[in-house]
């Protein structure tokens with residue numbers, strides 16, 4: 093086997109990102125499935141950390157930077173620096189695995205500190221290159237920049253969580269620093285990224301672009317502000333406010349889902365069946381399910397203090413698990429697969445971000461066979477995700493293990509399918 097030699101090309105880095113990201117998600121799925129079947133507490137505890145530490149940081153550090161630089165070319169992409177990000181994240185995955193396996197919370201804190209240092213680099217580049225008015229001018233960039241900010245906060249949460257577990261008798265760290273708050277904080281930047289992407293490659297290109305800009309600018313304040321305020325009322329344990337905000341966000345998601353369905357109908361009717369858009373629509377559908385499960389979660393949460401383990405009564409924990417997995421396996425992963433089906437072929441076509449900046453980003457860059465296989469992959473992911481949610485309701489660990497393994501295989505197929513298209517596009 094030849095040793096890997098990085099040629100410094102953007103297309104090579106994109107291929108590495110693709111392989112690393114799908115491997116992390118698939119590995120987390122396989123470990124979760126194995127933990128469900130065997131009842132191994134280590135696997136059950138480890139798999140969400142792998143997802144957030146690996147994919148959560150990777151998506152914002154690399155994919156998010158592609159999207160931002162596609163709008164502002166002055167934010168140049170340095171493939172060698174991004175390769176170092178991948179190496180650091182590999183080290184972080186090893187560190188978080190060792191810390192959980194041997195119950196070394198200080199190593200967990202060191203992992204969070206390392207990731208904070210890494211994320212601060214892109215933040216410094218952004219704010220020293222772009223002015224605040226220029227950032228605020230582009231709706232999508234608002235979403236993308238806040239992703240990086242919230243990722244920094246999420247990694248701070250991992251750092252403080254490790255310290256809290258290492259020194260449980262110290263009262264310096266607030267009570268709300270828990271595993272659940274860390275996972276919630278890590279999923280938030282991923283969600284904002286998808287919203288920015290939806291605007292850039294869907295609504296902003298519609299015939300009503302001016303109206304779409306106003307609505308997505310408003311949705312930025314509603315979504316970001318609503319979620320932040322929601323976190324505050326959770327800490328205050330204000331049940332009525334939690335219910336009101338969750339319903340408010342649910343109606344926003346419903347409006348987003350319905351309008352995107354209409355957009356997709358017109359796109360498919362006038363152009364072609366783009367698998368990336370179908371993945372994004374499926375992600376929104378599962379975001380709706382996430383919101384619905386969240387409201388059910390709040391209903392049965394009444395009277396339970398934040399940070400309690402388990403957060404719900406044992407006979408209601410299926411709601412909590414359905415809420416989290418509909419968000420991670422559904423809304424976030426489905427949406428990012430759709431984003432990759434647009435970003436990867438665009439980069440491979442020109443070995444640059446030029447295609448992403450043009451109208452060609454939503455053209456038929458993929459071979460028909462690749463697109464057909466992508467729709468088959470989407471079908472398997474939808475079936476396995478539905479089976480996972482059903483398994484939580486039925487409390488059937490065997491079904492959970494089988495469907496989780498099928499989900500992991502289906503996610504990994506993204507790398508197989510796009511590598512075939514990459515060979516064609518690069519020729």
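Numbering (the working numbering), first residue to last: 93 to 519.
Beta carbons are placed, not taken as given, at the ideal position from N, Cα and C, and that holds for glycine.
For residue i, the three-state DSSP class (helix, strand or coil)
{"i": "residue 396", "result": "coil"}
{"i": "residue 363", "result": "coil"}
{"i": "residue 511", "result": "helix"}
{"i": "residue 293", "result": "helix"}
{"i": "residue 447", "result": "coil"}
{"i": "residue 257", "result": "helix"}
{"i": "residue 132", "result": "coil"}
{"i": "residue 369", "result": "helix"}
{"i": "residue 262", "result": "coil"}
{"i": "residue 239", "result": "helix"}
{"i": "residue 401", "result": "coil"}
{"i": "residue 269", "result": "coil"}
{"i": "residue 407", "result": "helix"}
{"i": "residue 456", "result": "coil"}
{"i": "residue 234", "result": "helix"}
{"i": "residue 306", "result": "helix"}
{"i": "residue 57", "result": "Absent from the model: residue 57. The displayed extent of the chain is 93 to 519, so no value can be given."}
Candidates the options: closest to residue i by CA position
{"i": "residue 283", "options": "261, 402, 270 and 312", "result": "312"}
{"i": "residue 491", "options": "361, 479, 325 and 151", "result": "479"}
{"i": "residue 417", "options": "253, 179, 499 and 182", "result": "499"}
{"i": "residue 303", "options": "446, 427, 231 and 329", "result": "231"}
{"i": "residue 454", "options": "430, 389, 326 and 122", "result": "430"}
{"i": "residue 407", "options": "397, 420, 393 and 424", "result": "393"}
{"i": "residue 530", "options": "469, 270, 342 and 200", "result": "The structure shown does not extend to residue 530, since the chain is modelled only from 93 through 519, so no value can be given for it."}
{"i": "residue 159", "options": "377, 293, 119 and 101", "result": "293"}
{"i": "residue 248", "options": "236, 227 and 273", "result": "273"}
{"i": "residue 139", "options": "502, 322, 405 and 120", "result": "120"}
{"i": "residue 217", "options": "487, 164 and 315", "result": "164"}
{"i": "residue 318", "options": "345, 362, 289 and 505", "result": "345"}
{"i": "residue 100", "options": "443, 366, 503 and 473", "result": "443"}
{"i": "residue 465", "options": "421, 487, 512 and 477", "result": "512"}
Residues of its chain near residue i, where Cβ-Cβ distance is below 7 Å and the 5 sequence neighbours each way are ignored
{"i": "residue 137", "result": "192"}
{"i": "residue 385", "result": "411, 414, 415 and 418"}
{"i": "residue 187", "result": "199, 202 and 203"}
Sequence-distant residues of its chain with Cβ nearer than 8 Å to residue i (five each side left out)
{"i": "residue 510", "result": "110, 432, 433, 436, 437 and 462"}
{"i": "residue 244", "result": "208, 211, 212 and 215"}
{"i": "residue 242", "result": "277, 280, 281 and 284"}
{"i": "residue 116", "result": "142, 143, 146, 147, 150 and 185"}
{"i": "residue 390", "result": "331, 334, 335 and 338"}
Extent of the continuous alpha helix (DSSP H) to which residue i belongs
{"i": "residue 544", "result": "Since the first residue of the chain shown is 93 and the last is 519, residue 544 is not available in this structure."}
{"i": "residue 180", "result": "171-193"}
{"i": "residue 461", "result": "460-486"}
{"i": "residue 157", "result": "156-163"}
{"i": "residue 148", "result": "From DSSP, residue 148 is part of no alpha helix (DSSP H); its letter is neither H nor E."}
{"i": "residue 219", "result": "197-221"}
{"i": "residue 225", "result": "224-229"}
CA-to-CA distance, residue j to residue i, given in whole angstroms
{"i": "residue 225", "j": "residue 246", "result": "26 Å"}
{"i": "residue 198", "j": "residue 205", "result": "10 Å"}
{"i": "residue 189", "j": "residue 234", "result": "34 Å"}
{"i": "residue 451", "j": "residue 369", "result": "15 Å"}
{"i": "residue 251", "j": "residue 130", "result": "30 Å"}
{"i": "residue 203", "j": "residue 141", "result": "11 Å"}
{"i": "residue 518", "j": "residue 104", "result": "With a pLDDT of 48 at residue 518, under the threshold of 50, the modelled position of this residue cannot be trusted, and the question is left open."}
{"i": "residue 548", "j": "residue 127", "result": "Shown here, the chain extends from 93 to 519; a query on residue 548 therefore has no answer."}
{"i": "residue 446", "j": "residue 265", "result": "46 Å"}
{"i": "residue 395", "j": "residue 328", "result": "12 Å"}
{"i": "residue 152", "j": "residue 494", "result": "30 Å"}
{"i": "residue 309", "j": "residue 259", "result": "43 Å"}
{"i": "residue 470", "j": "residue 371", "result": "7 Å"}
{"i": "residue 378", "j": "residue 97", "result": "40 Å"}
{"i": "residue 228", "j": "residue 239", "result": "14 Å"}
{"i": "residue 173", "j": "residue 221", "result": "17 Å"}
{"i": "residue 448", "j": "residue 380", "result": "28 Å"}
{"i": "residue 353", "j": "residue 325", "result": "32 Å"}
{"i": "residue 155", "j": "residue 356", "result": "23 Å"}
{"i": "residue 300", "j": "residue 306", "result": "10 Å"}
{"i": "residue 118", "j": "residue 501", "result": "7 Å"}
{"i": "residue 439", "j": "residue 162", "result": "11 Å"}
{"i": "residue 497", "j": "residue 289", "result": "29 Å"}
Close beta carbons around residue i, own chain, < 6 Å, minus the five adjacent residues each side
{"i": "residue 256", "result": "265 and 269"}
{"i": "residue 177", "result": "153"}
{"i": "residue 456", "result": "364"}
{"i": "residue 527", "result": "Nothing can be reported for residue 527, as the shown portion of the chain is limited to 93 through 519."}
{"i": "residue 505", "result": "469"}
Residue i Cβ short of 7 Å to the ligand ZN heavy atom set
{"i": "residue 154", "result": "The ligand ZN is not among the ligands present in this structure, which contains no ligands whatsoever."}
Any chain B beta carbon closer than 8 Å to residue i
{"i": "residue 97", "result": "The displayed structure is made up of one protein chain only, and chain B is not part of it."}
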